[in-house]
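Residue numbers (the UniProt record's numbering): 1 to 400. Below you'll find the structure, written out as structure tokens, and then a few comments.
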């Protein structure tokens with residue numbers, strides 16, 4: 001029985017973990033599974049899903065910047081983004097790599113399946129076969145300088161190239177201290193012996209630079225398309241956010257003011273406390289909602305433009321309102337705009353509750369957007385791969 005380590009380091013929400021869990025579910029029973037989590041508060045859900053079939057360890061976490069001004073710093077390549085987490089700090093980089101080396105010595109994996117875990121790739125140094133899975137944003141093409149992140153830009157600023165050079169220098173200094181070989185390109189930390197970009201093509205910022213087609217995303221649930229809005233029996237609006245989203249207060253106030261049945265799930269928030277500030281027409285979910293049930297029956301979906309949520313909304317044929325916080329979310333909002341199914345709103349202070357309530361009302365009355373949402377759902381159901389995770393499992397078998 002081989003040992004498979006499944007790990008990620010960055011990212012809020014559940015997208016990375018859901019991707020890894022889908023792979024683990026297919027390897028279950030035939031291999032020893034070990035998850036390394038950046039946030040141990042997620043361990044309870046894994047234990048519920050896998051029981052004694054998986055071990056759970058604390059991995060490495062790169063916390064996001066806490067300074068609100070970080071969102072104002074221009075980010076033109078992935079180097080600009082990841083340095084905001086302190087990845088250019090060589091001492092932190094070496095320290096986190098050493099944590100991985102300790103865990104690798106304890107777990108002794110025969111295979112690594114990683115999602116947005118560049119420090120693990122740095123630490124393992126090619127000594128352990130690795131499969132990389134991830135969305136387009138977190139898997140820049142390897143063996144080349146980083147491409148631009150914003151598809152609408154044509155020139156990469158010199159400062160972005162300088163950031164990439166500093167990151168590459170720090171990675172190779174860390175590699176030297178750990179007695180590992182140098183890497184040629186920073187992007188190579190996001191590549192494995194096998195690499196799978198799991199996303200809808202419209203959401204991939206590097207789509208024009210890929211040499212292989214993307215894999216259908218398997219971290220989203222099977223969601224059927226809903227019927228016309230007039231036939232839907234669920235809430236007029238469904239909301240999904242993290243508790244630290246800067247517009248959460250405005251979202252709660254606008255749902256309460258909407259005067260129609262609505263529902264919300266806020267990851268990391270106390271549902272009892274949430275209910276105290278909600279109107280009678282607002283239902284609070286205590287656990288992550290089953291998108292396959294709630295979205296096809298809802299009128300409009302509002303969220304932070306997380307990739308998994310956006311993809312599920314597309315499959316359900318539901319108009320969307322998005323409040324992106326960072327560039328990754330903005331790129332997802334751009335992908336939704338290509339389908340013509342979403343309204344992209346600014347964050348506070350430009351946004352207040354009355355403006356958001358008006359946006360809800362418009363989305364519920366916009367027949368053109370509702371038709372576009374149903375057309376998008378039909379198109380994606382035609383594209384859907386019935387077993388994308390099978391490709392990853394097949395690659396795992398070949399490497400073990």
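Even glycine gets a Cβ: it sits at the ideal position worked out from N, Cα and C. Since we're looking at a predicted model, the values are computed, not measured.
Restricting to Cα atoms, I'd like to know which of the options is closest to residue i.
{"i": "residue 363", "options": "382, 395, 319, 381", "result": "319"}
{"i": "residue 164", "options": "152, 173, 180, 187", "result": "187"}
{"i": "residue 315", "options": "267, 375, 266", "result": "375"}
{"i": "residue 349", "options": "246, 275, 336", "result": "246"}
{"i": "residue 60", "options": "99, 24, 94, 73", "result": "99"}
{"i": "residue 122", "options": "190, 153, 110", "result": "190"}
{"i": "residue 158", "options": "179, 80, 396", "result": "80"}
{"i": "residue 11", "options": "118, 104, 111", "result": "118"}
{"i": "residue 15", "options": "310, 161, 108, 143", "result": "310"}
{"i": "residue 33", "options": "39, 255, 53, 43", "result": "53"}
{"i": "residue 301", "options": "275, 235, 44, 335", "result": "235"}
{"i": "residue 4", "options": "372, 129, 369", "result": "129"}
{"i": "residue 206", "options": "138, 323, 269, 184", "result": "138"}
{"i": "residue 248", "options": "179, 274, 230", "result": "274"}
Please report the Cβ distance between residue i and residue j, rounded to the nearest whole angstrom; I am assuming they are in contact, meaning their Cβ atoms lie under 8 angstroms.
{"i": "residue 192", "j": "residue 90", "result": "About 24 angstroms separates the two Cβ atoms, so there is no contact after all."}
{"i": "residue 57", "j": "residue 35", "result": "7 angstroms"}
{"i": "residue 353", "j": "residue 250", "result": "5 angstroms"}
{"i": "residue 218", "j": "residue 22", "result": "5 angstroms"}
{"i": "residue 307", "j": "residue 332", "result": "5 angstroms"}
{"i": "residue 120", "j": "residue 9", "result": "7 angstroms"}
{"i": "residue 148", "j": "residue 77", "result": "6 angstroms"}
{"i": "residue 255", "j": "residue 282", "result": "5 angstroms"}
{"i": "residue 93", "j": "residue 87", "result": "7 angstroms"}
Along the chain, where does the alpha helix (DSSP H) that runs through residue i open and close?
{"i": "residue 358", "result": "353-365"}
{"i": "residue 256", "result": "248-258"}
{"i": "residue 82", "result": "78-82"}
{"i": "residue 394", "result": "388-399"}
{"i": "residue 119", "result": "118-124"}
{"i": "residue 10", "result": "It is not in any alpha helix (DSSP H) - residue 10 carries neither H nor E in the DSSP assignment."}
{"i": "residue 314", "result": "307-316"}
{"i": "residue 275", "result": "271-276"}
{"i": "residue 292", "result": "291-294"}
For residue i and residue j, what's the separation of their Cα atoms in angstroms?
{"i": "residue 115", "j": "residue 299", "result": "33 angstroms"}
{"i": "residue 434", "j": "residue 284", "result": "Missing from the structure shown is residue 434; the chain here goes from 1 to 400 and no further."}
{"i": "residue 67", "j": "residue 228", "result": "43 angstroms"}
{"i": "residue 264", "j": "residue 29", "result": "36 angstroms"}
{"i": "residue 167", "j": "residue 131", "result": "23 angstroms"}
{"i": "residue 48", "j": "residue 156", "result": "46 angstroms"}
{"i": "residue 46", "j": "residue 288", "result": "14 angstroms"}
{"i": "residue 237", "j": "residue 357", "result": "11 angstroms"}
{"i": "residue 382", "j": "residue 197", "result": "19 angstroms"}
{"i": "residue 226", "j": "residue 125", "result": "47 angstroms"}
{"i": "residue 83", "j": "residue 96", "result": "15 angstroms"}
{"i": "residue 26", "j": "residue 112", "result": "15 angstroms"}
{"i": "residue 202", "j": "residue 294", "result": "24 angstroms"}
{"i": "residue 55", "j": "residue 135", "result": "25 angstroms"}
{"i": "residue 262", "j": "residue 173", "result": "53 angstroms"}
State the start and end residues of the unbroken beta strand (DSSP E) segment that holds residue i.
{"i": "residue 341", "result": "No beta strand (DSSP E) holds residue 341; DSSP gives it neither H nor E."}
{"i": "residue 266", "result": "262-267"}
{"i": "residue 240", "result": "237-242"}
{"i": "residue 138", "result": "Segment: none, residue 138 is in no beta strand (DSSP E) and carries neither H nor E."}
{"i": "residue 285", "result": "Where residue 285 is concerned, there is no enclosing beta strand (DSSP E), given that its DSSP letter is neither H nor E."}
{"i": "residue 300", "result": "300-303"}
{"i": "residue 320", "result": "320-322"}
Please give me, in chain order, every unbroken run of the alpha helix (DSSP H) with length at least 4 that falls completely inside the stretch 145-233. Entirely contained in the stretch 145-233, the alpha helix (DSSP H) runs reaching 4 residues are, in chain order, 158-177.
_Which runs of the beta strand (DSSP E) at least 3 residues long sit entirely within the stretch 35-116? Give them in chain order._
You should have 54-58, 111-114.
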